[in-house]
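Per our numbering, the very first residue in the sequence shown carries number 282; after that it's consecutive. Heads up: the structure comes next, in structure tokens.
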Amino acid sequence: MFDNKTILITGGTGSFGKRYVQHILANYSPKRVIIYSRDELKQFEMQQEFSHKSMRYFIGDVRDAARLVSAMRGVDYVIHAAALKQVPAAEYNPNECIKTNINGAQNVIDACIEAKVHRVIALSTDKAANPVNLYGATKLASDKLFVAANNIAGADGPRFAVVRYGNVVGSRGSVVPFYRQLLAQGKKVLPVTHDEMTRFWITLDEGVEFVLKNFQRMQGGEIFIPKIPSIRILDLVEAMCGHREHELIGIRPGEKLHEIMVPAEMAHHSYEFDDHFVITPAIKFFDKTVSYAKNSLGEEGKKVDDKFEYHSGTNHHFLSVDELKDLDKQTL
Numbered sequence: 282m283f284d285n286k287t288i289l290i291t292g293g294t295g296s297f298g299k300r301y302v303q304h305i306l307a308n309y310s311p312k313r314v315i316i317y318s319r320d321e322l323k324q325f326e327m328q329q330e331f332s333h334k335s336m337r338y339f340i341g342d343v344r345d346a347a348r349l350v351s352a353m354r355g356v357d358y359v360i361h362a363a364a365l366k367q368v369p370a371a372e373y374n375p376n377e378c379i380k381t382n383i384n385g386a387q388n389v390i391d392a393c394i395e396a397k398v399h400r401v402i403a404l405s406t407d408k409a410a411n412p413v414n415l416y417g418a419t420k421l422a423s424d425k426l427f428v429a430a431n432n433i434a435g436a437d438g439p440r441f442a443v444v445r446y447g448n449v450v451g452s453r454g455s456v457v458p459f460y461r462q463l464l465a466q467g468k469k470v471l472p473v474t475h476d477e478m479t480r481f482w483i484t485l486d487e488g489v490e491f492v493l494k495n496f497q498r499m500q501g502g503e504i505f506i507p508k509i510p511s512i513r514i515l516d517l518v519e520a521m522c523g524h525r526e527h528e529l530i531g532i533r534p535g536e537k538l539h540e541i542m543v544p545a546e547m548a549h550h551s552y553e554f555d556d557h558f559v560i561t562p563a564i565k566f567f568d569k570t571v572s573y574a575k576n577s578l579g580e581e582g583k584k585v586d587d588k589f590e591y592h593s594g595t596n597h598h599f600l601s602v603d604e605l606k607d608l609d610k611q612t613l
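Rendered as structure tokens:
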């Protein structure tokens, strides 16, 4: 699918972008892979790791519409991963978060339409479902923009979809590397915001593979959600330091106790497949005959119950302490 194609990744120097490039170069023969991001040092460091002849590195910000249009020329596939993601930082700097996560999303959409990109997937977050913080609210707005972009693009334009998943194990800024750092500094008791907290849990490789698969599945307008396990924060503490003793520090500004990826309010728009869920568009597009019950790979789904909710605290699959220990070793 990606052989002799050009792929652009916004925010490509992040954890997802690096693993995605690693996967693409190992399994395909792309024409070009463009890393579009604003940090020249991170790009320089990434160039030392990925110097394949197909690699291109563009300095640019998703807030800069003209630069995006220039970068999109000749691009076939786009993954929009650029975002301001730290929940407390967004609460304290709301305008900056809006400029990147909402205005930047619209700039990406406009550039993709102008360049006649083939397919686009935007990365979202569980925090976009029933958001209680500004980061989640901006990502919900971004999700809505990317879904509606199919209508704006029309029958001959790019197809847009969204991938929403939970916390990525070991990603930059997440809890696992933070705990590892504290343990390396000699900390014996780890900080916990709330002892009943749960989170959805996905590995970086699983996230990359899910995005790649959805480029094949998508018809345009879907929000794809993987079926993944949940974790209890105290189980993670025990897995990483051998005991459940912890220091309660209180929930941070804008933080949730549990996460939701399919809200009950969207159940009537949602389908369940073997390994994922799909939230379908609430609006009709250019082709009113599209049936999201069967995707482009021929996989068939069924409508979920009207009261269904995909919730990290009521998920039927929780990782055990031993499974978390194994996962921690795999992500070192």
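Beta carbons are placed, not taken as given, at the ideal position from N, Cα and C, and that holds for glycine.
Cα-Cα separation, residue i to residue j
{"i": "arginine 601", "j": "glycine 467", "result": "Reading off the sequence shown, one finds serine at residue 601, where the question assumed arginine. Between serine 601 and glycine 467, the C-alpha separation is close to 25 Å."}
{"i": "proline 510", "j": "tryptophan 482", "result": "6 Å"}
{"i": "cysteine 616", "j": "threonine 294", "result": "No answer is possible for residue 616: the residues shown for the chain start at 282 and end at 613."}
{"i": "histidine 592", "j": "alanine 410", "result": "10 Å"}
{"i": "alanine 520", "j": "methionine 478", "result": "15 Å"}
{"i": "asparagine 414", "j": "lysine 537", "result": "8 Å"}
{"i": "valine 444", "j": "aspartate 424", "result": "9 Å"}
{"i": "valine 489", "j": "lysine 469", "result": "34 Å"}
{"i": "glycine 531", "j": "histidine 475", "result": "6 Å"}
{"i": "lysine 380", "j": "lysine 494", "result": "30 Å"}
{"i": "glycine 535", "j": "lysine 420", "result": "14 Å"}
Buried versus exposed call for residue i [16 or more other C-beta atoms within 10 Å across all chains shown]
{"i": "asparagine 285", "result": "exposed"}
{"i": "arginine 453", "result": "exposed"}
{"i": "threonine 561", "result": "buried"}
{"i": "serine 577", "result": "exposed"}
{"i": "serine 405", "result": "buried"}
{"i": "lysine 334", "result": "exposed"}
Of the residues the options, the one placed nearest residue i, counting alpha carbons only
{"i": "tyrosine 573", "options": "Glu590, Glu553 and His592", "result": "Glu553"}
{"i": "isoleucine 315", "options": "Asp556, Lys366, Tyr301 and Ala386", "result": "Tyr301"}
{"i": "asparagine 596", "options": "Met547, Glu546, Met542 and Asp587", "result": "Met542"}
{"i": "lysine 588", "options": "Val401, Cys522 and Glu546", "result": "Glu546"}
{"i": "glutamate 487", "options": "Arg337, Tyr446 and Phe566", "result": "Tyr446"}
{"i": "phenylalanine 325", "options": "Phe283, Lys569, Phe339 and Asn388", "result": "Phe339"}
{"i": "alanine 563", "options": "Leu529, Val518 and Gly501", "result": "Gly501"}
{"i": "asparagine 432", "options": "Thr484, Phe283 and Phe567", "result": "Phe567"}
{"i": "glutamate 590", "options": "His527, Val559, Met353 and Ser351", "result": "Val559"}
{"i": "alanine 347", "options": "Ala307, Asn388 and His361", "result": "Asn388"}
{"i": "alanine 392", "options": "Ile360, Val456, Tyr416 and Asn374", "result": "Ile360"}
{"i": "glycine 385", "options": "Tyr373, Gly341 and Asn374", "result": "Gly341"}
CB contact below 8 Å: residue i versus chain D
{"i": "isoleucine 433", "result": "Reference to chain D is not applicable here, since this structure consists of a single protein chain."}
Check whether residue i and residue j have beta carbons under 8 Å apart
{"i": "alanine 371", "j": "valine 343", "result": "no"}
{"i": "leucine 289", "j": "tyrosine 317", "result": "yes"}
{"i": "proline 507", "j": "histidine 550", "result": "no"}
{"i": "phenylalanine 427", "j": "alanine 403", "result": "yes"}
{"i": "asparagine 382", "j": "leucine 365", "result": "yes"}
{"i": "valine 401", "j": "proline 439", "result": "yes"}
{"i": "leucine 608", "j": "valine 450", "result": "yes"}
{"i": "aspartate 586", "j": "alanine 548", "result": "yes"}
{"i": "methionine 336", "j": "phenylalanine 496", "result": "no"}
{"i": "leucine 463", "j": "leucine 605", "result": "no"}
{"i": "histidine 539", "j": "glycine 579", "result": "no"}
Heavy atom of the ligand SAH within 7 Å of residue i beta-carbon
{"i": "isoleucine 316", "result": "The ligand SAH is absent from the structure shown, which contains no ligand whatsoever."}
Residue ranges of each alpha helix (DSSP H) within the segment 336 to 380, 4 or longer: Within the segment 336 to 380, the complete alpha helix (DSSP H) runs of at least 4 residues are 346 to 352, 368 to 373 and 375 to 379.
Ignoring anything shorter than 4 residues, give me the alpha helix (DSSP H) runs that lie fully in the segment 464 to 519, in order along the chain. The alpha helix (DSSP H) runs lying completely inside the segment 464 to 519 and spanning 4 residues or more are 485 to 498, given in chain order.
In chain order, each beta strand (DSSP E) run of at least 3 residues that lies wholly inside the segment 411 to 441: As far as the segment 411 to 441 is concerned, it has no whole beta strand (DSSP E) run of at least 3 residues.
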